[in-house]
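These protein sequence lines map, in sequence, to chains A and B.
Last residue of the first sequence: number 116 in this note's numbering, and the count goes up by one each step with no gaps.
Last residue of the second sequence: number 574 in this note's numbering, and the count goes up by one each step with no gaps.
Backbone N, C-alpha and C fix where the C-beta goes; we use that ideal spot for every residue, glycine too.
Keep in mind that this is a model prediction, so the values were computed, not measured.
One structure is given here, and the rest of the page talks about it.
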Amino acid sequence: AQSVTQLDSQVPVFEEAPVELRCNYSSSVSVYLFWYVQYPNQGLQLLLKYLSGSTLVKGINGFEAEFNKSQTSFHLRKPSVHISDTAEYFCAVIATGGGNKLTFGTGTQLKVEL
Amino acid sequence: ETGVTQSPTHLIKTRGQQVTLRCSSQSGHNTVSWYQQALGQGPQFIFQYYREEENGRGNFPPRFSGLQFPNYSSELNVNALELDDSALYLCASSLLSEETQYFGPGTRLLVL
């Protein structure tokens with residue numbers, strides 16, 4: 003079984019400042035990792051994913067994340083945020099080799115202020 | 463390329479009633495997964511369908527059931543609705559051979 007921990011329920015940040023949203027996971031098997039974004043009253047949009055290869059992955063809207071196997075982390079970063087980045091961000095994992103369900107964290111609300 | 467669509471967008475039911483939610487997969491996808499997202503929580507896996515058969519189930523009671531049709535669209539049925547069933551229900555489509563799931567906009571269900 004897998005579990006995902008997003009320790010920060012809310013992260014306030016000023017526009018143009020950098021941001022990091024933290025994600026840690028636990029699993030007895032290898033996993034693939036994802037970040038999804040949810041804008042108010044909408045579904046989930048895939049930001050980026052780590053399947054294999056380079057541990058630094060780049061996604062849409064200027065976001066990137068780094069997979070750290072030893073620390074079982076997959077933190078999301080953006081060097082300069084915009085008001086439009088205000089949303090809920092979810093980290094998720096799925097077991098490799100045929101896993102069929104995504105296990106999500108509880109989400110981090112990013113609030114970008116002027 | 464058409465994305466994942468869901469209907470209806472919103473629904474209000476009373477306790478004890480039954481509800482059917484619908485999902486159309488993204489073009490070319492053969493697998494549909496359903497998730498329940500309670501307010502302030504992350505999505506929880508309900509079940510997945512592949513080739514019209516259930517292909518895995520989360521920790522949900524049997525009153526949550528589903529169907530997948532030959533065109534890969536899907537339905538989620540919930541019987542004997544309870545107040546705690548109030549949530550956003552998300553459908554995601556994918557290829558069984560691939561790990562990435564693409565989500566629809568969701569159906570928001572309110573049980574009174």
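In DSSP terms, what residue i is bridged to
| i | result |
| --- | --- |
| B/S536 | B/C485, B/Q530 |
| B/V494 | B/Y511, B/S555 |
| A/K60 | A/E66 |
| A/Q44 | The partner list for A/Q44 (beta bridge, DSSP) is empty, contrary to what the question assumes. |
Status (buried if at least 16 other CB within 10 Å, exposed otherwise) for residue i
| i | result |
| --- | --- |
| B/Q468 | buried |
| B/G504 | buried |
| B/D546 | exposed |
| A/N102 | buried |
| A/L58 | exposed |
Any C-beta of chain A under 9 Å from that of residue i
| i | result |
| --- | --- |
| B/S495 | yes |
| B/N539 | no |
| B/Y564 | yes |
First and last residue of the uninterrupted beta strand (DSSP E) at residue i
| i | result |
| --- | --- |
| B/F522 | Segment: none, B/F522 is in no beta strand (DSSP E) and carries neither H nor E. |
| B/T569 | 569-573 |
| A/R79 | 75-80 |
| A/N26 | 26-29 |
| B/Q468 | 467-469 |
| A/A97 | 89-97 |
| A/P14 | 12-16 |
| A/L85 | For clarity, residue 85 of chain A is Ile in the given sequence; the question names Leu instead. A/I85 -> no beta strand (DSSP E), and no H or E assigned at all. |
Expected contact under 8 Å - CB spacing of residue i and residue j to nearest Å
| i | j | result |
| --- | --- | --- |
| B/Y497 | B/L558 | Going by Cβ atoms, the distance from B/Y497 to B/L558 rounds to 17 Å, so no, they are not a contact pair. |
| A/W37 | A/L78 | 5 Å |
| B/L543 | B/R477 | 6 Å |
Test: residue i CB closer than 9 Å to a CB of chain B
| i | result |
| --- | --- |
| A/Q44 | yes |
| A/L78 | no |
| A/F106 | yes |
| A/I85 | no |
| A/T98 | yes |
| A/N102 | yes |
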